[in-house]
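Last residue of the sequence shown: 411 (the numbering used here), numbering continuous.
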Amino acid sequence: MVEELVAVGLTLGSLGAVYAMAAARVIKQYERGVVLRLGKLQSSVRGPGFTMIVPLVDRLHRVNMQIVTMPVPAQDGITRDNVTVRVDAVIYFKVMDAAEAVVEVEDYRFAVSQMAQTSLRSIIGKSNLDDLLSNREKLNQGLELMIDSPAIGWGVQIDRVEIKDVSLPETMKRSMARQAEADRERRARVINADAELQASKKLAEAAHEMSEEPAALQLRLLQTVVAVAAEKNSTLVLPFPVELLRFLERAQQAVPQQAVPQQSQGNHAEPGKPPESGVNAAEVGELGPSAGSRSGQD
Numbered sequence: 114m115v116e117e118l119v120a121v122g123l124t125l126g127s128l129g130a131v132y133a134m135a136a137a138r139v140i141k142q143y144e145r146g147v148v149l150r151l152g153k154l155q156s157s158v159r160g161p162g163f164t165m166i167v168p169l170v171d172r173l174h175r176v177n178m179q180i181v182t183m184p185v186p187a188q189d190g191i192t193r194d195n196v197t198v199r200v201d202a203v204i205y206f207k208v209m210d211a212a213e214a215v216v217e218v219e220d221y222r223f224a225v226s227q228m229a230q231t232s233l234r235s236i237i238g239k240s241n242l243d244d245l246l247s248n249r250e251k252l253n254q255g256l257e258l259m260i261d262s263p264a265i266g267w268g269v270q271i272d273r274v275e276i277k278d279v280s281l282p283e284t285m286k287r288s289m290a291r292q293a294e295a296d297r298e299r300r301a302r303v304i305n306a307d308a309e310l311q312a313s314k315k316l317a318e319a320a321h322e323m324s325e326e327p328a329a330l331q332l333r334l335l336q337t338v339v340a341v342a343a344e345k346n347s348t349l350v351l352p353f354p355v356e357l358l359r360f361l362e363r364a365q366q367a368v369p370q371q372a373v374p375q376q377s378q379g380n381h382a383e384p385g386k387p388p389e390s391g392v393n394a395a396e397v398g399e400l401g402p403s404a405g406s407r408s409g410q411d
């Protein structure tokens, strides 16, 4: 009798151990457990840790509550300004209600992926090329709203959507490169013209100051010579100021004007004095032959 009781006890213990092993479940910290008992959703969602279910009656679905990073496949589309582009993006989302994520949608990951692709194609068709290249923040917000609206009913919250890359045709890339080059050249010309204008104004002010003080021009010339000589050049080109040439020309014209009055004063005899002998002898020499010829004829 005792042996039969021991055998029954061991059998019950073995059945209890098997039942406990079949009913025991462990839910991780980042997961939540949704239990369906005979196909009906239980109101309570199992939290992390150890939990028990009824074998063959309950079915436990583990739902990951972490933020999921899902790449959106590249989508080909035509922008509003008729440019063919290829755009891919990345989406960040997480499950907020584990029960709705299990019951309301068959596969919430696949549903979010398809909704993201559809929304991305819609955004491409509504936007211009310039918006896709430079105004991505606004497009990201619009794309997030388009995906988040149906995802709320699935217990999923869209955390962030980012357009990752925009691929353009080669012809469009070359056209944009030429446009950027022309814009850079235009800006460079405007900057050079502005610099020339400022330099001309400063040079005009400097010329005005030097015209009031002629010595400033000579000092500037000496500074230029010193700057050129500091380079240890074998040949030194020295500019000659035009003002100095004009000064020498005026000085040369003043010397003959002073010499002419002195010569005219030497030719006139002073009153009360006989004429010079050199002049009288010349006159006599000129008169002598004529007088001699006359005496011979007589």
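All C-beta atoms, glycine included, are put in the ideal place defined by N, C-alpha and C.
Handout entry: Opening and closing residue of the beta strand (DSSP E) in which Glu144 lies
Key = Residues 144 to 150.
Problem - Segments assigned alpha helix (DSSP H), at least 4 residues, entirely inside the stretch 288 to 362 - result: Runs found: 327 to 342.
Handout entry: Per-residue burial, Ser262 [other beta carbons within 10 Å of its own, 16 or more giving buried]
Key = Counting every other CB atom within 10 Å of its CB across the protein chains shown gives Ser262 a total below 16, marking it as exposed.
Problem - Coil, strand or helix - Arg474 by DSSP - result: This structure does not reach residue 474, given that the chain is present from 114 up to 411, and the question cannot be answered.
Exercise for the section: Would you check if the stretch 184 to 195 and the stretch 155 to 170 touch, i.e. whether three or more CB-CB distances between them fall below 8 Å? Expected result: The answer is no - the stretch 184 to 195 does not touch the stretch 155 to 170, with fewer than three Cβ pairs under 8 Å.
Handout entry: Secondary structure of Pro387, DSSP reduced to three states
Key = Because the pLDDT of Pro387 is 46, which lies under 50, any placement of that residue in the model is unreliable, and the number read from its coordinates should be weighed accordingly. Residue state, collapsed to three classes: coil.
Problem - Beta-carbon gap between Glu257 and Arg273 smaller than 9 Å - result: Their beta carbons are under 9 Å apart, which means Glu257 touches Arg273 by this criterion.
Practice task
With Ser188 as the anchor, note down where its beta strand (DSSP E) starts and where it stops.
Solution key: The sequence given here places Gln at residue 188; Ser does not occur at that position. Per DSSP, Gln188 belongs to the beta strand (DSSP E) from 181 to 191.
Problem - Ser280 in three-state terms, based on DSSP - result: Annotated three-state conformation of Ser280 is strand, per DSSP.
Exercise for the section: Tell me, please, whether the stretch 145 to 157 touches the stretch 172 to 184 by the rule of three or more beta-carbon pairs shorter than 8 Å. Expected result: The stretch 145 to 157, when compared against the stretch 172 to 184, does touch it at the 8 Å Cβ threshold.
Exercise for the section: Taking only the alpha-carbon atoms, compute the straight-line gap between Ser127 and Lys141 and give it to the nearest angstrom. Expected result: The straight-line gap from Cα to Cα measures roughly 28 Å.
Practice task
Give a yes or no on whether the C-beta atoms belonging to Glu356 and Leu330 are separated by under 9 Å.
Solution key: Yes. Within cutoff.
Handout entry: Top-ranked residue by Cα proximity to Val181, from Thr164, Tyr221, Gln155
Key = Here the closest residue by C-alpha is Tyr221.
Practice task
Check the DSSP bridge columns for Ala137 and list the partner residues they point to.
Solution key: For Ala137, the beta-bridge partners assigned by DSSP are Met165.
Problem - Rounded separation between Ser226 and Tyr205 - CA only - result: Rounded to whole angstroms, Ser226 and Tyr205 show a C-alpha spacing of 11 Å.
Practice task
Sort out for me which residues DSSP pairs Leu173 with in a bridge.
Solution key: The secondary-structure analysis by DSSP pairs Leu173 across a beta bridge with Val148.
Exercise for the section: With DSSP as the reference, label Val198 as helix, strand or coil. Expected result: Val198 carries a strand assignment under DSSP once its states are collapsed to helix, strand and coil.
Practice task
Kindly indicate which three-state DSSP category Val110 falls into: helix, strand or coil?
Solution key: This structure leaves residue 110 out entirely; the chain is present only between 114 and 411.
Practice task
Kindly list the residues whose CB is nearer than 8 Å to the CB of Arg234, restricted to its own chain and excluding five residues on each side of it in sequence; keep chain order.
Solution key: Sequence-distant Cβ neighbours of Arg234 in its own chain, meaning closer than 8 Å and more than five residues away, are Gln188, Gly190.
Handout entry: Simplified DSSP state of Val225, which is helix, strand or coil
Key = Note: Val225 maps to helix in three-state DSSP.
Exercise for the section: Quick one: using the 10 Å Cβ neighbour count with 16 as the cut-off for buried, is Glu326 buried or exposed? Expected result: A residue is called buried once 16 or more other Cβ atoms fall within 10 Å of its Cβ, and Glu326, having fewer, is exposed.
Handout entry: For Gln378, three-class secondary structure by DSSP
Key = Confidence at Gln378 is low in this model, with a pLDDT of 49, below 50, so the placement of that residue should be treated as unreliable; the coordinate-derived value is given next. DSSP, read as helix, strand or coil, puts Gln378 in helix.
Practice task
Please list, in chain order, all residues of the same chain as Glu213 whose beta carbon is under 7 Å from its beta carbon, the five residues on each side excluded.
Solution key: Listed in chain order, the non-local C-beta contacts of Glu213 below 7 Å within the same chain comprise Trp267, Gly268, local neighbours out to five positions each way being set aside.
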